[in-house]
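Trainee: Starting off with a structure, shown below.
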Amino acid sequence: MFDIGHVFAFFRKHFTKKDLIFISGLIILYFLTRLINLEQLPIFNDEGIYIHWAKIAWHDASWRFISLTDGKQPLQTWGTIPFLKLFPNNALVGGRLFSVATGFLGLIGMITLLFYFFGKRAAKIGGLLYIFIPYFLFYDRMAMVDSGVNAFFIWILFFSVLLVNTMRLDVAVIFGLVAGMGLLAKSSVRVFLGMSLFAPLLMKDLFRKMKVSKVISFLFLFGVTGTLAIAIYNIQRLSPFLHFVEEKNKTFVMTFGEWLKDPFAVLFHNLVTVPYYVFSELGWVIVPVGFLGLVGLFQKDKRMFLYLCAWILIPYLGVSFLTRVLFPRYIIFFGSLIVICAAYFLSTIRNRKILLASLLIILGSAFYFDYSMWFNYKGIIFPDTDRGQYIEGITVGYGAKEIIQYAREKTKEKPVVILADGNFGMSGDILDTFLKPTDTISIVGYWPLGDTELRAHQWELKNKYVFVVLAHQLTYPSEWPVKLVQSYYKPKRDSVIHLLELTK
Numbered sequence: 010m011f012d013i014g015h016v017f018a019f020f021r022k023h024f025t026k027k028d029l030i031f032i033s034g035l036i037i038l039y040f041l042t043r044l045i046n047l048e049q050l051p052i053f054n055d056e057g058i059y060i061h062w063a064k065i066a067w068h069d070a071s072w073r074f075i076s077l078t079d080g081k082q083p084l085q086t087w088g089t090i091p092f093l094k095l096f097p098n099n100a101l102v103g104g105r106l107f108s109v110a111t112g113f114l115g116l117i118g119m120i121t122l123l124f125y126f127f128g129k130r131a132a133k134i135g136g137l138l139y140i141f142i143p144y145f146l147f148y149d150r151m152a153m154v155d156s157g158v159n160a161f162f163i164w165i166l167f168f169s170v171l172l173v174n175t176m177r178l179d180v181a182v183i184f185g186l187v188a189g190m191g192l193l194a195k196s197s198v199r200v201f202l203g204m205s206l207f208a209p210l211l212m213k214d215l216f217r218k219m220k221v222s223k224v225i226s227f228l229f230l231f232g233v234t235g236t237l238a239i240a241i242y243n244i245q246r247l248s249p250f251l252h253f254v255e256e257k258n259k260t261f262v263m264t265f266g267e268w269l270k271d272p273f274a275v276l277f278h279n280l281v282t283v284p285y286y287v288f289s290e291l292g293w294v295i296v297p298v299g300f301l302g303l304v305g306l307f308q309k310d311k312r313m314f315l316y317l318c319a320w321i322l323i324p325y326l327g328v329s330f331l332t333r334v335l336f337p338r339y340i341i342f343f344g345s346l347i348v349i350c351a352a353y354f355l356s357t358i359r360n361r362k363i364l365l366a367s368l369l370i371i372l373g374s375a376f377y378f379d380y381s382m383w384f385n386y387k388g389i390i391f392p393d394t395d396r397g398q399y400i401e402g403i404t405v406g407y408g409a410k411e412i413i414q415y416a417r418e419k420t421k422e423k424p425v426v427i428l429a430d431g432n433f434g435m436s437g438d439i440l441d442t443f444l445k446p447t448d449t450i451s452i453v454g455y456w457p458l459g460d461t462e463l464r465a466h467q468w469e470l471k472n473k474y475v476f477v478v479l480a481h482q483l484t485y486p487s488e489w490p491v492k493l494v495q496s497y498y499k500p501k502r503d504s505v506i507h508l509l510e511l512t513k
């Protein structure tokens, strides 16, 4: 029977007023770091897609599973809708607040996990690290699902340990509900759930005394967890588009048959790329501290050492062997594992001066990365692949907000039609993100957009302004019936968004 009094009694027993003040400070600090200049970074291609889906799903219940049409699970679409309702005139903020919220769940998960694994000291340190590590800071501020995937990773890891330690049915049920929600976020959550099967490694004297009955009991409870998770996942069968998820997965991950034909096709590249991405986005300095934490665990708690090593090595090898398309956001969970190990190591330092110095070095280096995310996005220190996606390349929506603002001013004279170069992501969906419900602006996406499409809209010039947005080419043919209004160049000037006005 649930008794709220037991919850308060637990907090009174384990946390002092100073502890609660410290945790409250962490929460305030979290939201400050996530909300400062939240709109500063220009909109990214995928953000435009996801926010557009959420808008459609909000206004048309028959399209609540719209993300499945592109093989993406619907949790982000559903989770973004409440924030769009709160900010109907600023969809970018609404979309990014979804990740701020999931990042907060990740922070609470990190504190909870570290408290349960290693104690209160590690929980405080881990919470502080989570807030400032650039890997988490960046994706907690982007309208993408990866912050949520990382949060589910943390909670699944926690519940796997809690389940094997308690062997309780209620824990298995809650674990199943959490895992099921995670499966509605992204396919990679399947890996986290599967890794939980290694939790019996934590059983005491497992190798000296094969506790068959206890292992069987765990597997039974885990079966309850898996059944609930799969049941929740199958909600998606209400849509006829569920099969696109597996088709989409084949774009990023090799099938078993493909792997057998060429087992080493991506292995050697990924073996190097995975740690480079993870270490770079963590800010480098915390990485050796994390490895020291693993060494410390080997000396103090070999069972936990083996379990965490399994969570590091098996996904690392799996990603290295099978992943054909790899971006840092896909492997953010490795960052959480390093933070967990680093927090453990720092919590074992008893000399306060050494601990404080260590934290200042780690947090100082992290702040060096973080500063640009708040105040100078063009200077963000990330691998070239992420700078290309979020700062410099075709997928960055420089000028999109300004284009809609310009068009909104023009609607004071007559309605506006925008012909967008691209009807998925860049540039149609990105422009749609900045529309307000009261706008008399219609966006028509074409791919490709050429002379024929332009001339097909010339008849509208009698009663409307018709603007053209080009995002996939540096120049355009001189014979097109358009005149240049404004060009928005990316930092390297090798990519640009042109705003043109259609003429007769």
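First residue of the sequence shown: 10, per our numbering; consecutive thereafter.
For glycine and all other residues, C-beta sits at the position ideal for the given N, C-alpha and C.
Computed from a predicted model, the values in this text were never measured in an experiment.
Taking Cβ positions, are alanine 131 and valine 173 nearer each other than 7 Å?
Mentor: The residue you call residue 131 lines up with position 122 of the sequence shown. The residue you call residue 173 lines up with position 164 of the sequence shown. In this structure, valine 173 does not lie closer than 7 Å to alanine 131 by Cβ.
Trainee: Of all the options Val494, Ile347 and Ala238, which has the alpha carbon lying nearest to the alpha carbon of isoleucine 321?
Mentor: For the purposes of this step, residue 321 is identified with residue 312 of the sequence shown, where counting begins at 1. Out of Val494, Ile347 and Ala238, Ile347 has the C-alpha closest to the C-alpha of isoleucine 321.
Trainee: Figure out for me which residue from Ser374, Gly189 and Ser76 has the closest Cα to the Cα of proline 249.
Mentor: Here residue 249 is taken as the residue at index 240 of the sequence shown, counted from 1. For the residues Ser374, Gly189 and Ser76, the minimum Cα distance to proline 249 belongs to Ser76.
Trainee: Since phenylalanine 476 sits in a beta bridge, which residues does DSSP pair it with?
Mentor: Along the sequence shown, read from residue 1 onward, the residue named residue 476 stands at position 467. Residue pairing for phenylalanine 476: DSSP places it in a beta bridge opposite Ile427 and Glu510.
Trainee: Flag this pair as yes or no: are the beta carbons of alanine 238 and glycine 189 separated by less than 7 Å?
Mentor: The count along the sequence shown starts at 1 and reaches residue 238 at position 229. The count along the sequence shown starts at 1 and reaches residue 189 at position 180. Their beta carbons are under 7 Å apart, which means alanine 238 touches glycine 189 by this criterion.
Trainee: For the region 262-282 and the region 323-343, state whether three or more C-beta atom pairs, one from each stretch, are separated by less than 8 Å.
Mentor: yes
Trainee: Cutting at 7 Å between CB atoms, please list the residues of its own chain near threonine 404, excluding the five before and the five after it.
Mentor: Locating residue 404 in the sequence shown gives position 395, where the first residue counts as 1. If we look at threonine 404 and ignore the five residues flanking it on each side, its Cβ neighbours are Phe53, Asn54, Gln398 and Met435.
Trainee: Which full runs of the alpha helix (DSSP H) of 4+ residues lie inside the region 53-108, going along the chain?
Mentor: Unbroken alpha helix (DSSP H) runs of no fewer than 4 residues, entirely contained in the region 53-108, are found at 54-68 and 84-95, following chain order.
Trainee: So, using beta-carbon positions, are glutamine 49 and tyrosine 386 closer together than 7 Å?
Mentor: For the purposes of this step, residue 49 is identified with residue 40 of the sequence shown, where counting begins at 1. For the purposes of this step, residue 386 is identified with residue 377 of the sequence shown, where counting begins at 1. Yes.
Trainee: To the nearest whole angstrom, what separates the beta carbons of glutamine 85 and alanine 194, a pair I think is in contact under 8 Å?
Mentor: Taking the first residue of the sequence shown as 1, we reach residue 85 at position 76. Taking the first residue of the sequence shown as 1, we reach residue 194 at position 185. Confirmed, about 7 Å.
Trainee: Distance check for methionine 153 and tryptophan 62, CA to CA, integer angstroms please.
Mentor: Counting from 1 along the sequence shown, the entry for residue 62 is found at position 53. Counting from 1 along the sequence shown, the entry for residue 153 is found at position 144. Taking the straight line from one Cα to the other gives about 12 Å.
Trainee: Tell me lysine 492's beta-bridge partners as DSSP assigns them.
Mentor: Translated into positions along the sequence shown, residue 492 becomes position 483. BP columns for lysine 492 point to Glu510.
Trainee: Quick check: proline 51 and glycine 388, are their CB atoms within less than 7 Å of each other?
Mentor: Locating residue 51 in the sequence shown gives position 42, where the first residue counts as 1. Locating residue 388 in the sequence shown gives position 379, where the first residue counts as 1. Not a contact, by the Cβ cut-off of 7 Å.
Trainee: Taking its Cβ as the centre, do 16 or more other Cβ atoms sit within 10 Å of lysine 26, making it buried, or is it exposed?
Mentor: Along the sequence shown, one-based indexing puts residue 26 at 17. Exposed: under 16 other Cβ atoms inside 10 Å.
Trainee: Measuring CB to CB, does phenylalanine 167 end up less than 7 Å from leucine 210?
Mentor: As a working mapping, residue 167 is identified with position 158 in the sequence shown. As a working mapping, residue 210 is identified with position 201 in the sequence shown. Not a contact, by the Cβ cut-off of 7 Å.
Trainee: Quick one: residues in its chain with C-beta nearer than 7 Å to the C-beta of phenylalanine 113, no 5 flanking neighbours on either side, listed in chain order?
Mentor: Your numbering for residue 113 matches position 104 in the sequence shown. Counting only Cβ-Cβ distances below 7 Å, and skipping sequence neighbours, we find Tyr39.
Trainee: Are there 16 or more other CB atoms within 10 angstroms of the CB of lysine 362, so buried, or fewer, so exposed?
Mentor: As a first step, residue 362 is located in the sequence shown; it is residue number 353 there, counting from the start. Under this definition lysine 362 is an exposed residue.
Trainee: Let me know the alpha helix (DSSP H) ranges lying completely inside the region 368-453, each 4 residues or longer, listed in chain order.
Mentor: Whole alpha helix (DSSP H) segments, 4+ residues: 393-396, 409-419 and 437-442.
Trainee: Can threonine 234 and alanine 274 be called in contact, C-beta distance under 7 Å?
Mentor: Your numbering for residue 234 matches position 225 in the sequence shown. Your numbering for residue 274 matches position 265 in the sequence shown. Contact flag unset, no.
Trainee: Using the DSSP secondary-structure output, state which residues sit across from tyrosine 455 in a beta bridge.
Mentor: Here residue 455 refers to the residue found at position 446 of the sequence shown. Tyrosine 455 pairs with Asp430.
Trainee: Would you report the Cα separation of tyrosine 485 and valine 170, rounded to the nearest angstrom?
Mentor: Position 476 of the sequence shown, counted from the first residue, corresponds to residue 485. Position 161 of the sequence shown, counted from the first residue, corresponds to residue 170. So the two alpha carbons sit approximately 59 Å from each other.
Trainee: Considering only the alpha carbon of each residue, which of Gln495, Trp489 and Glu422 lies closest to lysine 471?
Mentor: Taking the sequence shown and counting its residues from 1, one reaches residue 471 at position 462. Closest option to lysine 471, judged by alpha-carbon separation, among Gln495, Trp489 and Glu422: Glu422.
Trainee: Quick check: isoleucine 350 and glycine 302, are their CB atoms within less than 7 Å of each other?
Mentor: Against the sequence shown, residue 350 aligns to sequence position 341. Against the sequence shown, residue 302 aligns to sequence position 293. The question names isoleucine, yet the displayed sequence has cysteine at residue 350. Contact flag set, yes.
Trainee: Given lysine 492, which residues of its chain have a CB within under 8 Å of its CB, disregarding the five upstream and five downstream residues?
Mentor: Taking the first residue of the sequence shown as position 1, residue 492 is located at position 483. Cβ contact annotation for lysine 492 (same chain, cutoff 8 Å, sequence separation greater than five): Leu509, Glu510 and Thr512, in chain order.
Trainee: Could you please give me the residues that DSSP links to threonine 332 through a beta bridge?
Mentor: The residue labelled residue 332 in the question sits at position 323 within the sequence shown. In the DSSP output, where bridge partners are listed per residue, threonine 332 has Val262.
Trainee: How long is the line joining the alpha carbons of phenylalanine 443 and isoleucine 450, rounded to whole angstroms?
Mentor: Within the sequence shown, the letter at position 434 stands for residue 443. Within the sequence shown, the letter at position 441 stands for residue 450. C-alpha separation (whole angstroms): 11 Å.
Trainee: Tell me whether the beta-carbon of alanine 100 lies closer than 7 Å to the beta-carbon of leucine 106.
Mentor: Translated into positions along the sequence shown, residue 100 becomes position 91. Translated into positions along the sequence shown, residue 106 becomes position 97. No, the Cβ-Cβ distance between alanine 100 and leucine 106 is not below 7 Å.
Trainee: In the DSSP assignment, what are the bridge partners of valine 505?
Mentor: For the purposes of this step, residue 505 is taken as residue 496 along the sequence shown, with counting starting at 1. For valine 505, which the question treats as bridged, DSSP gives the partners Tyr498.
Trainee: On the three-state DSSP scale, how would you describe lysine 213?
Mentor: By 1-based counting over the sequence shown, the position of residue 213 is 204. Coil at lysine 213, not helix or strand.
Trainee: Residues in its own chain within less than 6 Å of leucine 269 by CB, not counting five upstream and five downstream?
Mentor: Indexing the sequence shown from 1 puts residue 269 at position 260. There are no such residues.
Trainee: Compute the Euclidean distance between the alpha carbons of threonine 260 and phenylalanine 17, then round it to the nearest angstrom.
Mentor: Looking up residue 260 in the sequence shown gives position 251. Looking up residue 17 in the sequence shown gives position 8. For threonine 260 and phenylalanine 17, the distance between alpha carbons rounds to 49 Å.
Trainee: Whole angstroms is fine: what's the gap from glycine 185's alpha carbon to phenylalanine 162's?
Mentor: The residue labelled residue 185 in the question sits at position 176 within the sequence shown. The residue labelled residue 162 in the question sits at position 153 within the sequence shown. So the two alpha carbons sit approximately 13 Å from each other.
Trainee: For alanine 533, which of Met151, Lys473 and Ser367 has the nearest alpha-carbon?
Mentor: Nothing about residue 533 can be read from this structure; the chain reaches only from 10 to 513.
Trainee: Could you pull the start and end residues of the alpha helix (DSSP H) that glutamine 308 belongs to?
Mentor: The count along the sequence shown starts at 1 and reaches residue 308 at position 299. Residues 295-309.
Trainee: Compute every distance between the C-beta of valine 491 and the non-hydrogen atoms of the ligand ADP, then say whether any falls below 6 Å.
Mentor: Annotation note on the ligand ADP: not contained in the displayed structure, which lists no ligands.
Trainee: With a Cβ-Cβ cutoff of 7 Å, do methionine 382 and leucine 146 count as a contact?
Mentor: As a position in the sequence shown, residue 382 is number 373, starting the count at 1. As a position in the sequence shown, residue 146 is number 137, starting the count at 1. For methionine 382 and leucine 146, yes; Cβs fall inside 7 Å.
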